[in-house]
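J.: Structure provided below as structure tokens; questions to follow.
Numbering (this note's numbering), first residue to last: 10 to 737.
Okay, structure coming up:
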């Protein structure tokens with residue numbers, strides 16, 4: 010390769026560059042590799058001098074390689090130049106073709122502008138052709154179009170005559186004629202067809218009206234109901250097959266069936282007047298099953314199976330009734346009778362065999378899975394209303410019974426007796442009957458209502474017992490003050506003790522089944538308190554009668570004669586005669602309490618009185634008098650217990666209510682005045698008068714044979730102190 014060629018192949022230097030450099034990164038990388046290979050080969054030659062002999066061979070080989078590379082580069086450049094030449098020629102050819110296409114498009118644009126101008130001149134002719142075609146169609150349909158108004162009027166007359174199928178056929182023919190004229194006329198609406206829309210709406214309303222009166226038509230004119238249902242079904246199928254806008258007559262028909270049924274039974278708003286609700290519910294109890302029977306027997310055969318008429322009827326009636334009851338409960342508060350009637354009817358009658366649970370109704374009429382007529386909140390509201398009003402009525406009735414009983418206490422006659430001779434009054438039976446009857450009635454509704462009423466009954470009975478006790482207190486106060494002097498004060502007190510016994514023995518009927526044993530505890534406490542109060546009043550009357558006699562103890566007359574204690578025993582026996590009118594165990598308890606009271610009052614009179622014995626003879630006489638009095642009192646009360654006056658058996662309990670510090674009487678026998686330990690000497694207080702009485706052993710005063718006697722035989726000396734507060 011000559012130097013000129015090498016100069017041409019070397020790249021030109023860029024302006025301002027002092028040394029040649031590669032124009033591309035690949036060239037630079039190739040030069041680095043070549044220089045590195047040359048340096049490696051040269052270093053090997055210099056390290057191994059024997060290789061210098063081959064330097065000529067290497068030079069010739071490198072010359073050949075260089076020539077080969079130059080030849081290949083020349084070939085590549087030559088092919089590249091030929092490709093560039095071919096591309097330039099093709100670009101020239103394409104430019105000529107584009108120029109020809111541009112000229113052709115210009116010519117076509119000119120031709121199109123000329124055609125558009127020609128088309129504008131032909132537009133009136135085209136419009137005349139369209140009008141000619143429309144006139145031709147109108148001329149062919151003119152006889153039928155002239156008959157459209159008459160056909161519309163005829164269809165309306167058919168609708169008025171309730172011939173719905175014929176009216177629907179006429180409507181279809183008119184709509185078909187409208188479709189035949191619409192396409193040829195290019196969508197032009199003729200004024201002659203303006204009445205089709207109102208005609209179709211009138212027919213739809215007639216179908217709705219017939220469906221709304223389905224129950225009546227099924228009995229009187231089933232053909233009309235069948236025609237209405239068929240019109241709705243045929244129209245739904247026709248519009249669906251042609252993909253037209255549906256009129257919705259089927260949905261309107263079903264809705265009319267529901268609205269007509271709802272309007273028939275629940276259209277008139279119910280006024281919650283007293284007594285009106287029970288009659289309305291009774292009418293529904295008869296009407297709803299009859300309506301379902303009509304739907305199953307008459308309406309269902311007139312409708313397609315997919316209407317599910319019986320199920321539709323049952324669900325519609327249930328929904329309407331539920332809505333009506335919700336409106337009723339949202340109004341003024343119901344009375345107790347209406348609340349009870351509604352609860353019993355909704356929870357038991359409605360789903361019972363008399364109504365929706367009747368075996369004569371098919372499974373389609375089952376409404377047990379639907380929402381209940383009354384929500385839990387409604388039931389809670391009705392139960393609270395019923396209990397509140399019944400509580401007010403019960404309180405009023407019990408107060409009337411108590412007022413009637415109190416009015417009897419001032420009568421001139423003794424209390425009435427039953428066949429067994431016991432004092433008797435209908436008041437306890439009336440009270441228990443009132444409470445028990447309300448509990449029994451509430452059990453007909455639900456267990457929750459029964460529990461509410463039972464709690465109310467126990468509460469009202471407790472209130473009644475407290476009022477009864479207060480009335481007794483007023484009765485005794487009036488008697489003590491002399492404001493009212495009932496001739497039979499004690500007999501009526503004894504009669505109230507029988508009332509307490511009757512209530513106590515029968516109060517268990519008010520206890521809820523399965524309730525805790527403490528449910529009756531407040532009532533039992535009130536009964537016990539009433540018994541204690543009655544016993545206290547009776548004993549106060551006994552003390553008032555015996556007090557003048559005990560005031561004379563001890564005295565010379567008492568020491569010398571048993572007349573004073575005879576009077577005490579006589580009055581006590583006469584007072585206790587009426588105890589035979591009291592039932593056991595109250596009679597025995599009252600007699601035991603009377604015995605305790607008489608003995609304690611006797612001892613109190615002796616120990617608070619003053620008697621000076623002038624010698625041993627008088628002290629012995631006083632001791633003998635005490636022994637005789639003890640024997641006489643023992644004989645009195647043993648006689649009262651064993652006589653026919655109180656043949657009621659042993660007492661079975663303890664009379665509660667003794668004052669603190671007093672002897673508590675053990676029921677079952679007469680009072681035992683015995684000491685379990687040696688008696689202490691009672692010391693007199695200063696500034697008091699005392700007398701020394703030599704008494705025998707107190708064991709001699711035991712009225713109960715089983716009482717442990719005192720082992721001592723020596724007489725004891727009692728220091729009796731007469732003071733303002735009695736024995737200390």
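We put the beta carbon where it would ideally sit given N, CA and C, even for glycine.
1) Would you say residue 241 and residue 262 are within 8 Å of each other, going by their C-beta atoms?
2) For residue 329 versus residue 274, is the C-beta spacing smaller than 8 Å?
3) Give the single residue among 78, 392, 647 whose Cα lies nearest to the Cα of residue 345.
4) Among residues of its own chain, excluding the 5 on either side of residue 380, which ones have a beta-carbon nearer than 6 Å to its beta-carbon?
5) So, using beta-carbon positions, are residue 588 and residue 599 closer together than 8 Å?
6) Can you tell me whether residue 534 is buried or exposed, with buried defined as 16 or more other CB within 10 angstroms of its CB?
7) Closest by CA to residue 586, which one among 547, 566, 616?
8) Which class does residue 177 belong to by DSSP, given the choice of helix, strand or coil?
9) Give the straight-line distance between the Cα atoms of residue 410 and residue 453, rounded to the nearest whole angstrom.
10) Tell me which same chain residues have a C-beta within less than 7 Å of the C-beta of residue 312, skipping the five on either side of it?
11) Where does the unbroken alpha helix (DSSP H) through residue 440 begin, and where does it stop?
12) Count the other CB atoms within 10 Å of the CB of residue 130; is the residue buried (16 or more) or exposed (fewer)?
13) How is residue 498 classed by DSSP in three states: helix, strand or coil?
14) Comparing C-alpha positions only, which one of 476, 480, 444, 290 sits nearest to residue 5?
15) Please say whether residue 562 and residue 576 have beta carbons closer to each other than 8 Å?
16) Between the segment 563 to 574 and the segment 494 to 513, do three or more beta carbon pairs fall short of 8 Å?
17) Starting from residue 426, follow its DSSP beta bridges and name the residues at the other end.
18) Would DSSP call residue 458 helix, strand or coil?
19) Using 10 angstroms around the beta-carbon of residue 457, count the other beta-carbons present and answer buried if the total reaches 16, otherwise exposed.
20) Can you give me the Cβ contacts of residue 64 inside the same chain, cut-off strictly under 8 Å, excluding the 5 residues immediately before and after it?
21) Which full runs of the alpha helix (DSSP H) of 4+ residues lie inside the segment 556 to 585, going along the chain?
22) Quick test of your reading: residue 478 and residue 539, contact by CB under 8 Å. State the CB separation rounded to the nearest angstrom.
23) Between the beta-carbon of residue 306 and the beta-carbon of residue 322, is there less than 8 Å?
24) With three or more C-beta pairs closer than 8 Å as the rule, is the segment 362 to 375 touching the segment 411 to 429?
25) Under 8 Å, do residue 374 and residue 266 count as touching if we go by C-beta distance?
26) Can you give me the start and stop residues for the alpha helix (DSSP H) that residue 611 sits inside?
27) Please name the residue, chosen from 405, 470, 429, 165, that lies closest to residue 437 on a Cα-to-Cα basis.
28) Cβ of residue 455 within 8 Å of Cβ of residue 337?
29) Here's the rule: buried if 16 or more other CB atoms are within 10 angstroms of the residue's CB, otherwise exposed. What is residue 482?
30) Report the residue ranges of all alpha helix (DSSP H) runs contained in full by the segment 317 to 348; include only those spanning at least 4 residues, in chain order.
31) By the three-class DSSP mapping on this structure, what secondary structure does residue 130 have?
32) So for residue 243, helix, strand or coil by DSSP?
33) Could you give the first and the last residue of the continuous alpha helix (DSSP H) run that contains residue 742?
34) Note down, in chain order, each residue of its chain lying with its Cβ closer than 8 Å to the Cβ of residue 201, except the 5 sequence neighbours on either side.
35) Give the DSSP-derived three-state secondary structure of residue 367 in the structure shown.
T.: In brief:
1) Translated into the one-based positions of the chain shown, residue 241 becomes position 232. Translated into the one-based positions of the chain shown, residue 262 becomes position 253. Result yes, Cβ atoms of residue 241 and residue 262 sit closer than 8 Å.
2) Stepping through the chain shown from its first residue, residue 329 is reached at position 320. Stepping through the chain shown from its first residue, residue 274 is reached at position 265. Against a cut-off of 8 Å, the Cβ pair of residue 274 and residue 329 comes out as a contact.
3) Here residue 345 refers to the residue found at position 336 of the chain shown. Of the candidates 78, 392, 647, the one whose C-alpha sits nearest the C-alpha of residue 345 is 392.
4) Taking the first residue of the chain shown as position 1, residue 380 is located at position 371. So the list is empty, once near-sequence residues are dropped.
5) Position 579 of the chain shown, counting from 1, holds the residue named residue 588. Position 590 of the chain shown, counting from 1, holds the residue named residue 599. In this structure, residue 588 lies near residue 599, with their beta-carbon atoms less than 8 Å apart.
6) Your numbering for residue 534 matches position 525 in the chain shown. Per the 10 Å Cβ criterion, exposed.
7) Position 577 of the chain shown, counting from 1, holds the residue named residue 586. The option with the nearest alpha carbon to residue 586 is 547.
8) Along the chain shown, one-based indexing puts residue 177 at 168. Three-state DSSP puts residue 177 in a helix.
9) The residue you call residue 410 lines up with position 401 of the chain shown. The residue you call residue 453 lines up with position 444 of the chain shown. When rounded, the distance between both Cα atoms is 26 Å.
10) Looking up residue 312 in the chain shown gives position 303. Cβ neighbours of residue 312 beyond the five flanking positions: 238, 318.
11) In the chain shown, the residue the question calls residue 440 occupies position 431. From DSSP, the alpha helix (DSSP H) with residue 440 extends over 436 to 452.
12) Within the chain shown, residue 130 is the residue found at index 121, counting from 1. Its Cβ having fewer than 16 others within 10 Å, residue 130 is exposed.
13) The residue given as residue 498 occupies position 489 in the chain shown. It is helical.
14) Limits of the chain in this structure are 10 at one end and 737 at the other, which puts residue 5 out of reach.
15) The residue labelled residue 576 in the question sits at position 567 within the chain shown. The residue labelled residue 562 in the question sits at position 553 within the chain shown. No, they are not a contact pair.
16) By the criterion of at least three beta-carbon pairs nearer than 8 Å, the segment 563 to 574 is not in contact with the segment 494 to 513.
17) Residue 426 sits at position 417 when you count from the first residue of the chain shown. Residue 426 pairs with 432.
18) Taking the first residue of the chain shown as position 1, residue 458 is located at position 449. Residue 458 carries a helical assignment under DSSP once its states are collapsed to helix, strand and coil.
19) As a working note, residue 457 is residue 448 in the chain shown. So residue 457 counts as exposed.
20) Sequence index remark: in the chain shown, residue 64 carries index 55 (1-based). If we look at residue 64 and ignore the five residues flanking it on each side, its Cβ neighbours are 54.
21) Scanning the segment 556 to 585 for uninterrupted alpha helix (DSSP H) segments of 4 residues or longer gives 565 to 569, 572 to 585, listed from N- to C-terminal end.
22) Counting from one through the chain shown, the residue named residue 478 turns up at place 469. Counting from one through the chain shown, the residue named residue 539 turns up at place 530. Rounded, the Cβ-Cβ distance is 5 Å, consistent with contact.
23) For this step, residue 306 is matched to residue 297 along the chain shown. For this step, residue 322 is matched to residue 313 along the chain shown. Taking 8 Å as the Cβ cut-off, residue 306 and residue 322 do not qualify as a contacting pair.
24) The segment 411 to 429 vs the segment 362 to 375: no contact.
25) Stepping through the chain shown from its first residue, residue 374 is reached at position 365. Stepping through the chain shown from its first residue, residue 266 is reached at position 257. Judged by beta-carbon spacing, residue 266 lies beyond the 8 Å limit of residue 374, meaning their Cβ atoms are not closer than that value.
26) Residue numbering aside, residue 611 sits at position 602 when the chain shown is read from its first letter. Element bounds for residue 611: 595 to 617.
27) For the purposes of this step, residue 437 is identified with residue 428 of the chain shown, where counting begins at 1. Considering only 405, 470, 429, 165, the residue with the shortest C-alpha distance to residue 437 is 470.
28) If you number the chain shown from 1, residue 455 lands on position 446. If you number the chain shown from 1, residue 337 lands on position 328. Not closer than 8 Å, so no.
29) Counting from 1 along the chain shown, the entry for residue 482 is found at position 473. Answer is exposed; the Cβ neighbour count stays below 16.
30) Listed in chain order, they are 318 to 338.
31) The sequence position of residue 130 within the chain shown is 121, counting from 1. Helix.
32) By one-based count along the chain shown, residue 243 stands at place 234. Residue 243: helix per DSSP, three-state reduction.
33) The displayed coordinates of the chain run from 10 to 737. Any statement about residue 742 would go beyond what the structure contains.
34) Within the chain shown, numbered from 1, the residue matching residue 201 stands at position 192. In its chain, beyond the 5 residues on either side, 154, 157, 158 have a beta carbon closer than 8 Å to the beta carbon of residue 201.
35) Stepping through the chain shown from its first residue, residue 367 is reached at position 358. Residue 367 falls in the coil class under three-state DSSP.
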